[in-house]
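Going by the working numbering, the first residue of the sequence shown is number -19, and it counts up by one from there. Below is one structure, written out as C-alpha cells; the observations come after it.
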Amino acid sequence: MALEFRVLGGVEARVDGQRLDLGPARQQRVLAVLLLEAGQVVTADELVDRVWGEHAPQRARPTLYSYLSRLRQALRTAAQDARIARRSGGYVLTVAATAADLHRFRALSARARTSAHAGDEPAAARLFQEALANWQGELCPGMDTPWFNSRREAAQVERLAAVLDWSDLQLRRGFHTELVTVLSSLAEDNPLDERLAGQLMLALYRGGRPADALNHYQELRSRLVEELGIDPAPPLRSLHQQILISDPRLAPPARDTTPDPVHPATTHPRQLPAPPPLLAGRDSELVCLDKLLAPQDEPHGGTVPIAVICGTGGVGKTSLALRWAHGWQERCPDGQLFADLQGFTPSGEPADPYAVMRGFLEALGADPGSLPAAPQSQAALYRSLTAGRRLLIVLDNARDTDQVVPLLPGSPTCTVLITSRHRLPGLAASHGAVQLTLETLDRAEARDLLVRRLGSHRIAAEPGAATELLHHCAGLPIAISVLAARLTTDPMLTLIALAAELREAATPLDALETGEANGDIRIVFASSYFALDTDSARVFRQLAQAPGADIGLPAAASLTGLSPPRLRTRLHRLQAHHLVQERVPGRFTCHDLLRAYALEMTETVAPAGEAEAALTRVLDHYAHTAYAADRLLLPHRDPLAPASPADGTRLEEFADADRAMAWFASEHTVLTAAVNHAVRAGHDAQAWRMAWAITTFLARRAWWPDVTAVHSTALAAAVRLGDPTAQAESRRALAWARTETGRFAEAHRELAHALALAATNGDLLSAAHTHLALGWLYEREGDNSAALRHDRSAVEYFTSAGNLPGRARALNAVAWDHTQLGDHEASVRRCQEALVIQRELGDERGRAGTWDTLGYAYHRLGEHAKAIDCYQHSLDLNRALGHRYNEAETLVHLSQAHLATEAVEPARDALSEALAIYLDIHALSPEVNEVRALLRDLGGAPETS
C-alpha cells in the first residue's frame, strides 16, 4: 500500500493514488498540525491554539476530539502506515519519516548538502532537484493562524535556502544559462536578498549579459538605500567591481559532464514522429509558437511554458505541432517525448495518463520492473526525472485538462506543447497555458498547399476544377492531402474528373461537419475510399475495428484474415492514399476522422457480418496469444478450458518467457483497451480470457491499479456469462490487488464472495485457491493462526481435486504458517512434502519459495548450515527466474543464518545486496527500513537513496 501526505500546495492524503476524504477545513488543520509535528506529542491545548488561533470557540475541545475521531476513521485504510494515537499529555501521528512532501523535501535537502560537502556535486544537484520537485505550492495555503503563518514563513526560508544552495552548485558546475530563469523569478519575490542577487548577477554575466547584471546591482542598491538606508555588503560590491572590469576569475567554469545516476547520459529520448513533408499557410502560427514558448528572462513564477494548439478535427494541429517541435528540438537537447492521448478516437477510450506516464518513465531511463505502484508516486518520479532537464513534451489529441495535468513536468526548463479539439480553459486557469486556435486555411493558403502537392503546371491546366476541389475541402489540410494523394497515385485521373466524382458522391457525415453544408469532409474521404480496390477498401474498414490506438502487423493479419505479405501490400496502398499511418515501424494507425468514416462505411456498405468477423478474429488473436505468453511466464498455473480461435486468426508464438514478457510490455495497453472494447461489443468470454491472461504480467510489474481495472470489467463479464468459476477467479485477482495495496477489508469481501461461489457450485479447485488467498491475506494482517486454518483447507481441497502444483504451494504456505507459530519441526515436514511434488513437476518457481521456507525453519531449529544451504538453493532459483523481490527476501533470511554462525561479513554482504534490490524495485518502506536497521546493527553503511 502506498501512503502519501501533502502539505505543500494543499493538505491532502492519498492511498494508492486515491484521495482520502479529510473532512472540513478545520479538521484538515488538525491533520496538518500533526503531520508537521509527526512523531511528536502535541497537547490538546496546543492543537486548539494552532487550529483556531485567537478565535477558538467555547466548545473547542469537544470539537477537536470529534475531528480526531473522524481523522482516525479517514486513515483507517492506512492504519499500518499512519495512526493517530493518544499519548500521555496529548496526541501523536505515527507515520514514516518521508510520508509527507515537506519531510521528503527536508530529508533530500539534507542528503544533498551532505553529498556537496563530500565533493559529489552531481549527486548533490540531483538530490536538490528531487527535493524541490516536492514543492507544489506554499505550506498549508489558506490556514490563517499565527502558528501556521510562522511555519509557512519558515518553510519558505527553507525552500529559498535549498534553491540558493542548488544554484551555487550549478554555478560551480557551469550551468549558469539554465539558472537565469529560476533566479530572475526568485529575485522578484525576494528583492533584498543579496546572496540571490549575487547569483543572478553572476549567471547573467557568464551568460553574456553583463549590462543586465550591472543593472540588477543598481536596482538592488537603490532599493537597499531607499528602504533600509544601507549599501550592499562587501561581497556584492566586490562582485560588482569584478563585473565592471571583466575580471578573468569570473569566467564560466567548464560544464560538468559527469553522468547522472538518475538521468543516465544515454537516456535522451527522441520520440517525435517524422515532420509533415509539406506544411502550407502556417508560417504565422509557427512564429506565434516561437513567441509563446520562447524562454523568458523574467518569467512569472518560474512556471512551465505550456501552449495548446486547439481547433477542429482535421485542421492540421498535429502537423503544425510536429513541424514546430522539430524546429525547436535543438533547444531541448535532453530529449523529446511524444504521446497520442487518443482524446477523440471514435472507437476507443482516451488514453490513461498514468499508462502514458509509465511509457515516459521508461523512455527517461527508469527500470519498468521497478516503477512504484501508486500513481502519485509515479508522478513524483516523473517530476524528479524531468527536473532541471531541457525537454520538449508533445501531448497530441488531448481530451481535457484532467488527462493532461498528470503529464506536466514540474520544472520550468521543460517545454510542453499540446494539441486538442477543446480549448482546455481549465489548463489556462490552473497552469497558465497559452492557446493558439488553428483556423482552416484561407483560399490562398489552401491553393498553395494543393500547388505544393500537385505542381503549379497541373493546377494551371485545370484551374476551375482545382477551385471546385478546394471548395469541397473547406480549408481542411487533411482533406486537401487526401485528394492530392488520390491525384498523385493515379496519373490518369484529372482534376475535372475528380471534381465530378465529388459532386456525384455527396453524402452527409454528420459527426464531421465543419459548420457549412458545402464543406463536408465525408465527400473528400469518399472520393479516396471508393477509388480503392476491393481488398484495400475492406482492410481500411476492418482496421477501424482495432480495439487500441494502433495495431501491430501480426494482430492486423488476424483482424483482416490476410497473410502478412498480402496485408503489407494493402497497407502500403492505404498509406499512399493517406488513409493509414505507420508512425512506429510495424504498428499502424489512422487519423480519428478517417476511423470514424471507416466505421460508417462498415455500417453502410460492408457485407453483413464483416465487422463482427474481423472483431472476433482480432479479439481471439489477443486472447489466445496472451494465453500462450502467460503459460510461458507461469507454466504451472491452472489452465483454462480449451477454446478454438476463429478461422483466419493468426496467433503469435514465443520461444521463451523473456520474449513473452517483451510482448506483454509492448501490447499491455492495447490488451487492457481490448478488454473494455470486447465488453462493449458483447464479447464477454474473450474479455474475461484476456483479463485472466494479462494478470501475471501486471502482477509482476506490481501494476495493481491495472489489475483492479481489468478484473472489475472481467467480473461483470463473468456475471453476464453466468460462469461462477470465472467470477471467483476475478474476485481473487481483485482481492490480490487489494491485499498488496493494504485494502484488507475489501479483499475479505471479494474472497467471501469467491468462497460462496465455490461452495454453491461444488468447485473444489476454486475453493482451494480461495482458501490459499485467504491464508495470504490473514498473514499480511498478522493473524498466523487464521492463515494456517485456511492454508490447511487449501491443502485438503487441492488434494481432493487432484491438483499437485496447488497442493505443493499450499503445503509451503502451511509450512510457513507453522514456523511463524513456532512449530518448526512441522514446517520442515511440510516443506519436504512440497519439494518432492515440485521436483517431479519441474516447478522451479514453487521450489524457490519452498526452499526459502525450509531454510527459515532450519534456522529457527538452530541447524544453521542446513538453513544456509536451503537459502542458497532458493536464491539460485529466484535469480534464474528473475523474481527480484523474492531474491531480496531470501537474502535477508540468509544474512540471519550467517549471523547465527558468527559469519558477519557474509551477513553484511547479503543485507547490502538485499537493500540494493529493495531500493531498485521501490519496495515498501517497512522492508527497506528493516534491512537498514539490520545493517546498522552490523556496523554497515546502508544505502541512503
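Backbone N, C-alpha and C define an ideal beta-carbon position, used for all residues, glycine too.
Item: Bridge partner(s) assigned by DSSP for V560; Value: Partner(s): none; V560 has no beta bridge.
Item: Spatial distance of A713 from E910 (CA atoms); Value: 29 Å
Item: The stretch 264 to 276 contacting the stretch 199 to 218, beta-carbon criterion three pairs below 8 Å; Value: no
Item: CB contact flag (L404, T420, <7 Å); Value: no
Item: The stretch 391 to 405 in contact with the stretch 287 to 299 per 3-pair CB rule at 8 Å; Value: yes
Item: Touch test, the stretch 302 to 313 against the stretch 454 to 472, Cβ-Cβ under 8 Å, three pairs minimum; Value: no
Item: Backbone CA spacing between F155 and P190 [nearest angstrom]; Value: 17 Å
Item: According to DSSP, residues forming a beta bridge with D320; Value: D376
Item: Beta-carbon spacing of I373, L449 below 7 Å; Value: no
Item: Touching by the beta-carbon criterion (3+ pairs, under 8 Å), the stretch 666 to 679 and the stretch 601 to 616; Value: yes
Item: A708, enclosing alpha helix (DSSP H) - first and last residue; Value: 704 to 720
Item: Beta-carbon gap between D320 and D263 smaller than 7 Å; Value: no
Item: Whole beta strand (DSSP E) elements within the stretch 824 to 878, 3-residue minimum; Value: none
Item: Cα-Cα separation, E101 to L899; Value: 22 Å
Item: Nearest candidate by alpha-carbon position, reference A896, set Y865, T881, H873, P886; Value: Y865
Item: Nonlocal neighbours in the same chain, by C-beta distance under 6 Å from R521, ignoring five residues either side; Value: A578, M581, T582, A586
Item: Beta-carbon spacing of A90, V(-13) below 7 Å; Value: no
Item: Cβ pair V519, R550 closer than 7 Å; Value: yes
Item: Proximity of Q724 and E776 at Cβ, strictly below 7 Å; Value: Note that residue 724 is Phe in the sequence shown, not Gln. No; because the gap between Cβ atoms is not below 7 Å, this pair is not in contact.
Item: R827 classed as buried or exposed, judged by whether at least 16 other C-beta atoms fall within 10 angstroms; Value: buried
Item: Span of the beta strand (DSSP E), counted from its first residue to its last, around R(-14); Value: -17 to -14
Item: Cβ shell of M123 (< 7 Å), same chain only, five flanking positions each side left out; Value: R9, A12
Item: Classification of E759 by the beta-carbon crowding that lies within 10 angstroms, buried from 16 upward; Value: buried
Item: Unbroken beta strand (DSSP E) run spanning R993, endpoints; Value: The structure shown does not extend to residue 993, since the chain spans only -19 to 925, so no value can be given for it.
Item: As assigned by DSSP and simplified to three states, the class of I225; Value: coil
Item: Contiguous alpha helix (DSSP H) assignments of at least 4 residues, all confined to the stretch 576 to 638; Value: 590 to 613
Item: Local Cβ density within 10 Å of V816, reported as buried at 16 or more and exposed below that; Value: exposed
Item: C811 to S46 span [Cα, whole Å]; Value: 51 Å
Item: Distance between beta carbons of T393 and R369, contact taken as under 8 Å; Value: 6 Å
Item: CB contact flag (R139, L119, <7 Å); Value: no
Item: Segment limits, beta strand (DSSP E) that includes V(-5); Value: -8 to -5
Item: Separation of L149 from S202, as counted between CA atoms; Value: 29 Å
Item: Assumed close pair H878, Y836 - CB separation to whole angstroms, cut-off 8 Å; Value: Rounded, the Cβ-Cβ distance is 14 Å, inconsistent with contact.
Item: Spatially closest choice to G296 from E265, L176, N741, by CA coordinates; Value: E265
Item: DSSP beta-bridge partners of R567; Value: G532, V564
Item: V384 versus L371: straight-line alpha-carbon distance, rounded; Value: 16 Å
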